[in-house]
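Residue numbers (UniProt numbering): 1 to 121. One structure below.
What follows is the structure in structure tokens.
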């Protein structure tokens, strides 16, 4: 480990901190202990190091094989999902009725039906 010398290392520490490096990254770059870097960063009044970058949180989307997702794809604007339930062409309907109508539309288009056997037309 290198011994910290203020007149030599302060400019280097300042430059690396302004380059958005964490204390651990700076310590590795300067071949020093992270606690020494943290102590001198505070002494220089450089503030807090940037938070570690995290991976973006994936959106929770329904599975593309979910019957409701498939019904939305097949029925488009005809199907609305509200807090009270599903509305098809403005009428309140059950999930089974939604999937049956989507299967009827898919059958007319020559596509494969989906969902439980009882919901197929």
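Heads up, the beta-carbon is just placed ideally off N, CA and C, and yes, glycines get one too. Keep in mind it's a predicted model, so treat the numbers as computed, not measured.
- Scanning its chain for C-beta atoms nearer than 8 Å, with the 5 sequence neighbours on each side dropped, one finds around residue 75 the residues 88, 98, 101, 102 and 105, in chain order.
- For residue 80, the enclosing beta strand (DSSP E) starts and ends at 79-82.
- Residue 12 carries a helical assignment under DSSP once its states are collapsed to helix, strand and coil.
- The stretch 72-113 is shown to contain whole alpha helix (DSSP H) runs of 4 or more residues at 95-108, in chain order.
- Going by C-alpha positions, residue 60 is about 29 Å away from residue 107.
- Boundaries of the alpha helix (DSSP H) around residue 29: 23-30.
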